[in-house]
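Colleague: Quick one: this structure, given as structure tokens, is what I'll be asking you about.
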Amino acid sequence: MKILLVNPTGHKIGMDHFLKAPPLGLMILAATVPDHDVEILDLRNYKYSPGYFEKKVQKFDLLGVSASTSMINDALKLCKIAKDHDVKTIIGGYHASLVPETAMYPQVDLTVRGEGEITFPEVINTLENSNDLKQDLKEIKGINFKNDSKLYQTENRPLINLNDSPFPRRDLVEKYHYHYFWATIETLESSRGCPHQCHFCCISHHWGRGWRSKSPERIIEEFHHMDRKKNWFVFNDSESTLNMKRIEKICDLTMEYGYHRKWKSCQGRVDDIVKNPHIIDKMADAGWRMMFIGIESIHQKSLDTIGKRISINQIRKAVKMLHDRGITIFGSIIIGNIGETKADVMKTIHFAEDLSIDIMQFTPLTPYPKTDLYKQAKQNGWIIDEDFTNWNLVNPIMRTPDLSTEEIFELVKYAYRNFYFRLREKMHKSFFIRSGIRFLLNPRFWWFWKMARKFIVGGIKVAPDFMADLKSKEYLEIERQREEKKRLKQLKKLEKKKKKEEKVKKNSKKRSLSLNKKIEPLLVTKIRKSD
57 MKILLVNPTG HKIGMDHFLK APPLGLMILA ATVPDHDVEI LDLRNYKYSP GYFEKKVQKF
117 DLLGVSASTS MINDALKLCK IAKDHDVKTI IGGYHASLVP ETAMYPQVDL TVRGEGEITF
177 PEVINTLENS NDLKQDLKEI KGINFKNDSK LYQTENRPLI NLNDSPFPRR DLVEKYHYHY
237 FWATIETLES SRGCPHQCHF CCISHHWGRG WRSKSPERII EEFHHMDRKK NWFVFNDSES
297 TLNMKRIEKI CDLTMEYGYH RKWKSCQGRV DDIVKNPHII DKMADAGWRM MFIGIESIHQ
357 KSLDTIGKRI SINQIRKAVK MLHDRGITIF GSIIIGNIGE TKADVMKTIH FAEDLSIDIM
417 QFTPLTPYPK TDLYKQAKQN GWIIDEDFTN WNLVNPIMRT PDLSTEEIFE LVKYAYRNFY
477 FRLREKMHKS FFIRSGIRFL LNPRFWWFWK MARKFIVGGI KVAPDFMADL KSKEYLEIER
537 QREEKKRLKQ LKKLEKKKKK EEKVKKNSKK RSLSLNKKIE PLLVTKIRKS D
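If you read the sequence shown in our numbering, its first letter stands for residue 57, the second for the next number, and so on.
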């Protein structure tokens with residue numbers, strides 16, 4: 057069977073300009089069907105001429121698309137084009153797991169929930185060989201499909217041992233150029249899932265509750281399969297630092313096999329970091345040059361409300377520990393946590409500056425389907441925008457009791473501009489000067505200067521696009537609609553005020569007439585008496 061696996065377009069906005077990562081999930085899926093002719097098409101990171109996809113997909117028997125929530129509309133468009141040419145269609149990825157009803161679209165043959173390593177080849181085999189397709193599909197675990205115009209969900213697929221997952225087909229994306237802040241990258245997956253229960257996070261609904269990892273030995277095998285010419289090895293995990301003994305063993309093997317010369321980055325939690333300073337030392341020695349940490353808020357009440365289970369003190373300590381060891385920090389803050397006012401959000405934004413975090417991502421609170429936040433937002437009528445295309449971590453799609461979507465969007469814009477482009481203020485406060493001084497003074501940061509030209513040139517190139525996202529056609533339209541809403545709201549207020557004034561005037565006139573009626577007989581009587 058000829059299979060086309062596609063990373064759909066979506067909307068590249070915000071931090072997407074700085075991170076261009078390969079579709080690792082599709083590369084792993086491709087490895088599960090070695091006896092079939094598979095091609096990967098990355099529409100998200102690379103542009104093709106109009107009509108290219110339609111001409112391309114006609115040559116294949118099956119289209120497989122992996123989509124997050126913000127990409128699902130584009131995925132459905134691709135499936136519609138494929139279905140018009142009698143090509144079978146499958147959708148997988150986060151959104152298919154979060155929203156089972158995705159399988160009910162006429163252009164979608166079926167969706168895969170959760171892991172696809174076992175499910176995908178079973179589906180391919182069934183589609184190719186079944187004599188009773190509907191009945192045979194019911195025997196495959198972890199899929200959704202239409203059965204007599206109703207949604208049919210098979211039982212869940214048991215989670216796999218990650219050491220049994222095949223090595224990704226890296227050869228299928230060699231034609232593309234991927235980068236992480238303009239340093240060439242290879243990505244790998246060392247674990248799946250997360251045992252924590254942040255109320256905004258949908259990870260556990262896709263990978264299942266709990267956390268699983270590959271062994272340190274398997275990670276080194278992954279390194280062996282990666283291109284050593286690339287600058288950076290990026291761990292594509294939602295939680296890399298949960299088992300720090302495993303990380304320590306990975307560091308030891310990394311040093312033993314000479315991979316410490318490769319720069320590495322991963323996502324970690326501040327509580328794991330502060331509890332294990334000696335392992336952070338090892339990570340720095342083994343080539344770790346960047347770590348993504350979720351800060352989310354400066355307010356302890358907010359952190360407790362969202363189920364983050366970290367403290368402000370841990371955030372401060374973790375930032376200092378990482379900086380002392382020459383590890384740059386990519387931090388994330390949520391704009392508009394429930395219960396926070398505009399003043400609260402501003403304090404959090406300025407907190408990120410005071411900590412001198414190197415790179416920041418500011419995202420509006422987003423209630424992904426199935427999460428506790430989604431249930432709360434839906435129940436309270438906070439979700440303003442139901443168009444999944446806009447659920448992209450830049451455009452606010454929900455309000456809170458204290459902040460409107462307009463106010464949240466203004467805060468997101470302010471946060472980015474204030475953090476990266478504060479050139480009107482004193483120079484020592486600007487992002488570029490702050491980072492540059494630290495990189496010069498700390499010898500452990502001197503690795504940065506090997507890539508400084510790429511970082512600086514790349515940054516200059518995308519800065520206009522990055523800022524234009526906050527004023528792009530889509531967002532100009534969003535702002536236009538918001539301004540129109542404001543205008544209509546003001547008009548309603550004015551009309552209400554006018555009606556109120558007219559009513560007051562009318563009542564005043566009535567009272568005046570009534571008073572005149574009462575006074576007139578008295579005046580007449582008085583005049584007669586005087587006569």
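Here a beta-carbon is modelled for each residue, glycine too, at the ideal position from N, C-alpha and C.
Does the separation of the CB atoms of Gly392 and Leu449 fall below 8 Å?
Modeller: Residue numbering aside, residue 392 sits at position 336 when the sequence shown is read from its first letter. Residue numbering aside, residue 449 sits at position 393 when the sequence shown is read from its first letter. No. Outside cutoff.
Colleague: Indicate whether Pro222 and Ile137 have their beta-carbon atoms separated by less than 8 Å.
Modeller: The count along the sequence shown starts at 1 and reaches residue 222 at position 166. The count along the sequence shown starts at 1 and reaches residue 137 at position 81. No, they are not a contact pair.
Colleague: Extract the residue ranges of the alpha helix (DSSP H) inside the region 95 to 157, only unbroken runs of 4 or more that lie entirely within it.
Modeller: 108 to 113, 128 to 139, 150 to 154
Colleague: Taking the alpha-carbon positions, what's the Ala340 to Ser388 distance?
Modeller: As a working mapping, residue 340 is identified with position 284 in the sequence shown. As a working mapping, residue 388 is identified with position 332 in the sequence shown. Approximately 21 Å between the Cα atoms of the pair.
Colleague: Within 10 angstroms of its Cβ, does Thr397 collect 16 or more other Cβ (buried), or is it exposed?
Modeller: Counted from its first residue, the sequence shown places residue 397 at position 341. Per the 10 Å Cβ criterion, exposed.
Colleague: By Cβ distance, which residues of its chain are closer than 8 Å to Met589, with the 5 residues on each side in sequence left out?
Modeller: Residue 589 is absent from the model: the chain starts at 57 and stops at 587.
Colleague: Excluding sequence positions up to five away, which residues of its chain have a Cβ less than 6 Å from the Cβ of Pro452?
Modeller: The sequence position of residue 452 within the sequence shown is 396, counting from 1. For Pro452, where only same-chain residues beyond five positions count, the Cβ hits under 6 Å are Pro420, Thr461, Ile464, Phe465.
Colleague: Assign Ala86 to buried or exposed, taking buried as 16 or more other Cβ atoms, counted over all protein chains shown, within 10 Å of its Cβ.
Modeller: Walking along the sequence shown from the start, residue 86 turns up at place 30. When all chains shown are included, Ala86 counts as buried.
Colleague: Is DSSP giving Cys250 helix, strand or coil here?
Modeller: Taking the sequence shown and counting its residues from 1, one reaches residue 250 at position 194. In the structure shown, Cys250 adopts extended strand secondary structure according to DSSP, grouped into three states.
Colleague: Could you tell me if Asn446 is buried or exposed, where buried requires 16 or more neighbouring beta carbons within 10 angstroms of its beta carbon?
Modeller: As a first step, residue 446 must be located in the sequence shown, where it is residue number 390. Classification for Asn446: buried.
Colleague: Are at least three pairs of beta-carbons, each pair with one atom in the region 186 to 195 and one in the region 231 to 242, less than 8 Å apart?
Modeller: no
Colleague: Can you give me the start and stop residues for the beta strand (DSSP E) that Trp267 sits inside?
Modeller: In the sequence shown, the residue the question calls residue 267 occupies position 211. It spans 266 to 269 - the beta strand (DSSP E) in which Trp267 sits, taken as one unbroken run.
Colleague: Indicate the three-state DSSP secondary structure (helix, strand or coil) for Cys322 in the structure shown.
Modeller: Taking the sequence shown and counting its residues from 1, one reaches residue 322 at position 266. Note: Cys322 maps to strand in three-state DSSP.
Colleague: What's the gap between the Cα of Leu550 and the Cα of Trp438?
Modeller: Locating residue 550 in the sequence shown gives position 494, where the first residue counts as 1. Locating residue 438 in the sequence shown gives position 382, where the first residue counts as 1. Spanning the two alpha carbons is a distance of roughly 26 Å.
Colleague: Using the three-state DSSP reduction, which class does Leu383 fall into: helix, strand or coil?
Modeller: Position 327 of the sequence shown, counted from the start, is the residue given in the question as residue 383. With the sequence shown as reference, residue 383 is identified as Ile, and Leu is not the correct amino acid for it. Of the three classes helix, strand and coil, the one that applies to Ile383 here is coil, per DSSP.
Colleague: Since Ile241 sits in a beta bridge, which residues does DSSP pair it with?
Modeller: Taking the sequence shown and counting its residues from 1, one reaches residue 241 at position 185. Paired residue(s): Trp288.
Colleague: Where does Trp38 fall in DSSP's three states?
Modeller: As shown, the chain starts at 57 and ends at 587. That puts residue 38 outside it, with no answer to give.
Colleague: Note down the Cα distance separating Asn436 from Asn212, rounded to an integer number of angstroms.
Modeller: Indexing the sequence shown from 1 puts residue 436 at position 380. Indexing the sequence shown from 1 puts residue 212 at position 156. Using only the alpha carbons, I get a separation of about 31 Å.
Colleague: Leaving out five residues on either side along the sequence, give the residues of the same chain with a beta carbon under 7 Å from the beta carbon of Glu245.
Modeller: Walking along the sequence shown from the start, residue 245 turns up at place 189. Within the same chain, Glu245 has close Cβ partners Leu80, Asn292, Asp293.
Colleague: Contact check, Gln139 vs Gln163 under 8 Å by CB: the rounded distance?
Modeller: Numbered from its first residue, the sequence shown carries residue 139 at position 83. Numbered from its first residue, the sequence shown carries residue 163 at position 107. The amino acid at residue 139 is misidentified as Gln; the sequence shows Lys. Contact annotation, Lys139 with Gln163: C-beta distance approximately 4 Å; criterion of less than 8 Å satisfied.
Colleague: Which residues share a DSSP beta bridge with Asp352?
Modeller: The sequence position of residue 352 within the sequence shown is 296, counting from 1. Looking at the sequence provided, one finds Glu at residue 352 rather than Asp. Glu352 is bridged by DSSP to Ile389.
Colleague: Helix, strand or coil for Gln432? Go by DSSP, reduced to three states.
Modeller: As a first step, residue 432 is located in the sequence shown; it is residue number 376 there, counting from the start. Reduced to three states, the DSSP call for Gln432 is helix.
Colleague: What's the gap between the Cα of Ala399 and the Cα of Asp410?
Modeller: On the sequence shown, residue 399 is found 343 positions in, with the first residue counted as 1. On the sequence shown, residue 410 is found 354 positions in, with the first residue counted as 1. Cα-Cα distance, rounded: 16 Å.
Colleague: Determine whether the beta carbon atoms of Asp93 and Ile59 lie at a separation below 8 Å.
Modeller: For the purposes of this step, residue 93 is taken as the residue at position 37 of the sequence shown. For the purposes of this step, residue 59 is taken as the residue at position 3 of the sequence shown. Contact: yes.
Colleague: With DSSP collapsed to three states, give me the class of Thr419.
Modeller: The residue you call residue 419 lines up with position 363 of the sequence shown. Strand at Thr419.
Colleague: Give the C-beta separation of Leu134 and Leu166 to the nearest angstrom, bearing in mind that I take them to be a contact with Cβ-Cβ under 8 Å.
Modeller: Taking the first residue of the sequence shown as position 1, residue 134 is located at position 78. Taking the first residue of the sequence shown as position 1, residue 166 is located at position 110. 15 Å between Cβ atoms; not a contact.
Colleague: Considering only C-alpha positions, which residue in the set Phe386, Arg268, Glu304 is nearest to Leu75?
Modeller: Taking the sequence shown and counting its residues from 1, one reaches residue 75 at position 19. Among Phe386, Arg268, Glu304, the Cα nearest to that of Leu75 is on Phe386.
Colleague: For Phe348, which option in Gly324, Asp337, Thr422 has the closest C-alpha, if you only look at C-alpha atoms?
Modeller: Translated into the one-based positions of the sequence shown, residue 348 becomes position 292. Residue nearest to Phe348 within the set Gly324, Asp337, Thr422 is Gly324 (criterion: CA-CA distance).
Colleague: Would you mind sorting Ser247 into buried or exposed? The rule is 16 or more other CB atoms within 10 Å of its CB.
Modeller: For the purposes of this step, residue 247 is taken as residue 191 along the sequence shown, with counting starting at 1. When all chains shown are included, Ser247 counts as buried.
Colleague: What separation, rounded to the nearest whole angstrom, lies between the Cα atoms of Arg302 and Cys250?
Modeller: Position 246 of the sequence shown, counted from the start, is the residue given in the question as residue 302. Position 194 of the sequence shown, counted from the start, is the residue given in the question as residue 250. Answer to the nearest angstrom: the Cα atoms are 16 Å apart.
Colleague: Please return the same chain residues whose Cβ sits closer than 7 Å to the Cβ of Phe595, not counting the five positions on each side in sequence.
Modeller: Outside the shown range of the chain, which is 57 to 587, sits residue 595, and nothing can be said about it.
Colleague: Within 10 angstroms of its Cβ, does Pro272 collect 16 or more other Cβ (buried), or is it exposed?
Modeller: Position 216 of the sequence shown, counted from the start, is the residue given in the question as residue 272. Result: buried.
Colleague: Residues in the same chain with beta-carbon distance under 6 Å from Ile354, minus the five sequence neighbours each way, listed in chain order, please.
Modeller: Taking the sequence shown and counting its residues from 1, one reaches residue 354 at position 298. Excluding residues within five positions, the ones whose Cβ falls inside 6 Å are Lys403, Thr404, Phe407.
Colleague: I believe Ile146 touches Val179 by the beta-carbon criterion, under 8 Å. Please report the beta-carbon distance rounded to the nearest angstrom.
Modeller: In the sequence shown, the residue the question calls residue 146 occupies position 90. In the sequence shown, the residue the question calls residue 179 occupies position 123. 7 Å between Cβ atoms; contact.
Colleague: List the whole-angstrom C-beta distance separating Ile199 from Val168, where the pair is believed to meet the contact cut-off of C-beta under 8 Å.
Modeller: Locating residue 199 in the sequence shown gives position 143, where the first residue counts as 1. Locating residue 168 in the sequence shown gives position 112, where the first residue counts as 1. Sure, about 6 Å apart at Cβ, within 8 Å.
Colleague: Check whether the Cβ atoms of Thr240 and Asn287 sit closer than 8 Å, and answer yes or no.
Modeller: Taking the first residue of the sequence shown as 1, we reach residue 240 at position 184. Taking the first residue of the sequence shown as 1, we reach residue 287 at position 231. Yes, the Cβ-Cβ distance between Thr240 and Asn287 is below 8 Å.
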